[in-house]
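Each remark here refers to the structure printed beneath this line.
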Amino acid sequence: MTVKKEYMKKRLERITRIFAIKICKGHRTVSFPSSVILAGIFPLDLRAMERLSLYEIKQGKPLDQLPGRDIEKPISPFCLPHPAERCRMSFELISSLDQEQAIDCLKPRLYTDGSKLEGKVGGAVSVWKDGSEIRKSTFRLESYCSVYQAELTAILKALDMMCKFGELKKGIILSDSRSALECLTDSSSLHPLAAEIRERIRSLVNKNGEVKFYWIKAHIGIPGNERADELAKRAALSNKQAPVYDKCPLSFAKRLTRDSTCVKWQQRYSEAATGAVTKNFFPDVREAHKTLKQIRMDNIKAQLLTGHGGFKAYLFKFKLAQSPSCVCSNEIEEKIEHLLIDCPRFTIQRMECEHKMGIAINITNLKYVINNDDCRIHFLKYAEYVVRCAGKANGLKVDI
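Here this note's numbering is used: the first residue of the sequence shown is 9, the next is one more, and so on.
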């Protein structure tokens, strides 16, 4: 593949860096690793490889992490019934216990739920009539399956029970998964589980059965829903039966592919010869992405997180300052690390910030204070003041 070649990777890096610097509002001298991290984007060559992997997976290539497992694929549009023969369904909304009690009390109610706990997936159907549970069914799915798949499987199991037991052939299915019910209302949906559910509905109707769907708000004290939730969680944790569904969702494949991309980017980022200041704050690319989504970047923050700005050590490189030394000592260069941690000009502000955070500011703690939600607001207020003061002292037009 072309993007694997070194010359193409360099060309893509140059293009990416231009946009990344604009996004993070840094100086044009900011390095590629720093600019990309602060902009919250991946190198283009890694994104291209990620796209290729997903394409190959969609075409049937097995996942290396799950050998022998099939990816859940949409059914062919040609497998859908003629539009005139497609099963049309709708559902009503229930958001309170009173509304739930007001629906037809003569028909059995089948409450469905899916759950994922401790990396395990399960589902359940709880059948109620005259205010008490008369039947139940629990099942598990493979651990890589999603809650969405579990919710659809639970609805499918409820319909199987209605087809199997005569006293349930005219009933009500209540689910707290609105996304699953909305999928079923789309008669053109190509989801394989939705297609099976539509087939079960047709089979039920052919046996003079009848089903009505409701969405119920979860955890509002509806006994049937609470019971289904309890059974689904228990099934996820303790059900030892063979999984009733084992198709790997595409969302899981995407997550594995993104994890692989992050590992490659982390290795490249850690080995890069540039971006030392940024690495002091963000040694981990995953944590950096999570933290930077909560920070509104501007030029002051970009100077802080890259060291490229109104600091004598930086300005001296471009002959914009007579000396790289800090005013506090001729033997110490005025870099952002020194200003934040050691410079006596900011001792009072530093001590106040450390008191508010409850932690000392040193080179090893920079990653903690920027990534910790409680410390970040105090640290950024102090650090931005330091950056502005240094810039003002070195001739930059900034407000303090």
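Idealized CB from N, CA, C, for every residue including glycine. The structure presented is a predicted model; accordingly, all values stated were derived computationally and were not measured.
| message | Please classify Tyr63 as buried or exposed, where buried requires at least 16 other C-beta atoms within 10 Å of its C-beta. | response | By the 10 Å Cβ count, Tyr63 comes out exposed.
| query | Residue range of the alpha helix (DSSP H) that Val394 falls in? | reply | For Val394, the enclosing alpha helix (DSSP H) starts and ends at Asp381 to Ala401.
| Is Ile209 near the ligand ATP, going by C-beta to nearest heavy atom under 7 angstroms? | The ligand ATP is absent from the structure shown, which contains no ligand whatsoever.
| field | Distance between beta carbons of Leu20 and Leu52, contact taken as under 8 angstroms | value | That pair is a contact at about 4 angstroms.
| said: I'd like to know whether the C-beta atoms of Leu239 and Leu201 end up nearer to each other than 8 angstroms. | reply: In this structure, Leu239 lies away from Leu201, with their beta-carbon atoms at least 8 angstroms apart.
| Run through DSSP, which three-state label would Cys336 get? | In the structure shown, the three-state DSSP call for Cys336 is coil.
| task | Just mark Ser43 as buried or exposed, buried being the case when its beta carbon has 16 or more other beta carbons within 10 Å. | result | Around the C-beta of Ser43, 16 or more other C-beta atoms lie within 10 Å, and the residue is accordingly described as buried.
| said: I'd like the list of long-range same chain contacts for Phe326, defined as Cβ closer than 7 angstroms, with 5 residues on each side in sequence excluded. | reply: So the list is empty, once near-sequence residues are dropped.
| Closest by CA to Asp168, which one among Glu141, Thr193, Ser154 and Glu204? | If we check each option's Cα against that of Asp168, Glu204 comes out closest.
| Cys270 versus Ser104 - alpha carbon distance | Their backbone Cα atoms lie some 44 angstroms apart in a straight line.
| query | Nearest-angstrom Cα distance between Trp136 and Lys165? | reply | Rounded to the nearest angstrom, the two C-alpha atoms are 15 angstroms apart.
| message | Spatial neighbours of Asn216 within its chain, please: C-beta separation below 8 angstroms, excluding the five flanking residues on both sides. | response | These residues qualify, in order along the chain: Lys177.
| field | Alpha-carbon to alpha-carbon, Ser337 and Lys6 | value | Because the chain is modelled from 9 through 408, residue 6 falls outside the range shown and cannot be assessed.
| task | May I ask you to verify whether the segment 178-189 touches the segment 211-226, counting CB pairs closer than 8 angstroms and requiring at least 3? | result | Result yes; three or more Cβ-Cβ pairs closer than 8 angstroms.
| Any chance the segment 286-299 sits against the segment 105-121, with 3 or more Cβ pairs inside 8 angstroms? | They do not touch, by the three-pair rule.
| query | The alpha helix (DSSP H) spanning Glu279 covers which residue range? | reply | Its alpha helix (DSSP H) spans residues Leu258 to Glu279.
| Among the residues of its own chain, which have a CB less than 6 angstroms from the CB of Phe260, if the five just before and after it don't count? | Counting only Cβ-Cβ distances below 6 angstroms, and skipping sequence neighbours, we find Tyr152.
| message | Quick check: the segment 310-325 against the segment 65-85, are at least 3 beta-carbon pairs closer than 8 angstroms? | response | Counting C-beta pairs closer than 8 angstroms gives fewer than three between the segment 65-85 and the segment 310-325, which falls short of the contact rule.
| task | Measure the Cβ-Cβ separation of Arg117 and Gly179 and say whether it is below 8 angstroms. | result | Contact: yes.
| query | Can you tell me where the beta strand (DSSP E) with Ser183 in it begins and where it stops? | reply | For Ser183, the enclosing beta strand (DSSP E) has its first and last residue at Lys178 to Ser183.
| Can the beta-carbon of Ala250 be found less than 8 angstroms from the beta-carbon of Lys124? | No, Cβ-Cβ distance for Ala250 and Lys124 is not below 8 angstroms.
| task | Label Ala92 either buried or exposed according to how many other C-beta atoms from any shown protein chain fall within 10 Å of its C-beta, with 16 as the threshold for buried. | result | Ala92 is exposed by the Cβ-count criterion.
| query | Which runs of the beta strand (DSSP E) spanning at least 3 residues fall entirely within the segment 276-360, listed in chain order? | reply | Within the segment 276-360, the complete beta strand (DSSP E) runs of at least 3 residues are 337-341.
| request: Could you spell out the range, first to last residue, of the beta strand (DSSP E) harbouring Thr161? | output: According to the DSSP assignment, Thr161 belongs to no beta strand (DSSP E) but to the alpha helix (DSSP H) extending over Val155 to Lys172.
| field | Classification of Ile26 by the beta-carbon crowding that lies within 10 angstroms, buried from 16 upward | value | Exposed, because fewer than 16 other Cβ atoms sit within 10 Å of the Cβ of Ile26.
| From Cys95 to Pro231, what does the alpha carbon distance come to, in whole angstroms? | Taking the straight line from one Cα to the other gives about 30 angstroms.
| task | Rounded to whole angstroms, what's the CA-CA distance from Phe99 to Pro82? Just pull it up for me. | result | Straight-line spacing of the CA atoms in Phe99 and Pro82 works out to 23 angstroms.
| Quick one: complete beta strand (DSSP E) runs, 3+ long, within the segment 208-241? | Entirely contained in the segment 208-241, the beta strand (DSSP E) runs reaching 3 residues are, in chain order, 218-224.
| query | Mind checking Ser278: buried by the 16 CB within 10 Å criterion, or exposed? | reply | Ser278 is exposed by the Cβ-count criterion.
| request: Please work out which residues of its chain come closer than 6 angstroms, Cβ to Cβ, to Phe354, disregarding the five sequence neighbours upstream and downstream, and give them in chain order. | output: For Phe354, the CB contacts under 6 angstroms within the same chain, skipping 5 residues up- and downstream, are Val394 in chain order.
| task | State buried or exposed for Ser134, treating a residue as buried only when at least 16 other CB atoms are found within 10 Å of its CB. | result | Buried, by the Cβ-count rule.
| task | Confirm, please, whether the CB-CB distance from Lys320 to Glu339 is below 8 angstroms. | result | No, Cβ-Cβ distance for Glu339 and Lys320 is not below 8 angstroms.
| field | Reference Arg396, options Ala310, Arg384, Ile385 and Asn379, closest by Cα | value | Nearest to Arg396 by alpha-carbon distance, out of Ala310, Arg384, Ile385 and Asn379, is Ala310.
| Quick one, which of Gly403, Arg55 and Ala236 has its alpha-carbon nearest Phe324's? | Nearest C-alpha to Phe324: Gly403.
| Integer-rounded CB distance, given that Ala158 should sit under 8 angstroms from Gly131 | With a beta-carbon spacing of about 4 angstroms, Gly131 and Ala158 fall inside the 8 angstroms limit used to define contacts.
| query | What does Ser123 pair with, by DSSP beta-bridge criteria? | reply | Here Ser123 is bridged, per DSSP, to Gly130.
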